[in-house]
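Undergrad: If you read the sequence shown in full-length UniProt numbering, its first letter stands for residue 1, the second for the next number, and so on.
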Amino acid sequence: MALEIKFQGGEMKRECFIVTNDSYFYLGMSKLISEFPETDISRISFNSLFKTSGCNNLALFVVYLDDMLSNFKALLFFERMNNNVVFLSKNNNVMKLCSKFGYDSVKIKTFMGVYAMIRQESKSGDRMQLLSNMEKNVIVNLLDGESNIKLAKRNRLSDKTISHHKRSALLKVGVDNINVFFDNISKDIFKVI
1 MALEIKFQGG EMKRECFIVT NDSYFYLGMS KLISEFPETD ISRISFNSLF KTSGCNNLAL
61 FVVYLDDMLS NFKALLFFER MNNNVVFLSK NNNVMKLCSK FGYDSVKIKT FMGVYAMIRQ
121 ESKSGDRMQL LSNMEKNVIV NLLDGESNIK LAKRNRLSDK TISHHKRSAL LKVGVDNINV
181 FFDNISKDIF KVI
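This is the structure:
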């Protein structure tokens, strides 16, 4: 299976957003993508990713982040979007995490063992959806250090409801305990060759 990035759309310029904090990766990727005609390339840092809105459906997002927690939050962000998203990483655990969100991986040997994770469409043409908005909200807030009780008060829900959403979300991504999940996700720092 070969990695192909196809730019479609007649007269319209294609937008490509490179989501990374790595300047060298951005320079290399923007040089590669600039070979395609009618393509605007922009860089988005991880922190400004969540403020991004109003992208057209032809936009391509290329994501290259260093740590598991950032990749997890980016996966949650892109889960409901109808855009084309490619995650790139040398980390095998990022590849496994992306597979929980319906991404298939391809190892690109010519790029020093980098994995490319591309979300596949289901047979009905819809992209796979994993978490509900509430489950996504609960997990992100808990990973940011918020307690179940504070989150319940802010959303005017019971703490049992928050616990249910947390448990449901963790089961969907294949984790039993949020503490174990957080410990493993924050310790697994990306290793550069």
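Just so you know, even glycine gets a beta-carbon here, dropped at the ideal spot from N, CA and C.
Determine, using beta carbons only, whether Ile-44 and Ser-30 come nearer to each other than 8 Å.
TA: No.
Undergrad: With burial defined as no fewer than 16 other Cβ atoms inside 10 Å of the residue's Cβ, what is the status of Tyr-24: buried or exposed?
TA: Tyr-24 comes out exposed.
Undergrad: By Cβ distance, which residues of its chain are closer than 8 Å to Ser-163, with the 5 residues on each side in sequence left out?
TA: Asn-148, listed in sequence order.
Undergrad: Helix, strand or coil for Asn-91 per DSSP?
TA: Asn-91 falls in the coil class under three-state DSSP.
Undergrad: Going by DSSP, what residue range makes up the beta strand (DSSP E) through Arg-14?
TA: Segment 14–20, the beta strand (DSSP E) holding Arg-14.
Undergrad: Report yes or no: do three or more beta-carbon pairs, one from the stretch 89–109 and one from the stretch 34–49, lie closer than 8 Å?
TA: The answer is no - the stretch 34–49 does not touch the stretch 89–109, with fewer than three Cβ pairs under 8 Å.
Undergrad: Does DSSP put Leu-60 in a helix, in a strand, or in coil?
TA: Residue state, collapsed to three classes: strand.
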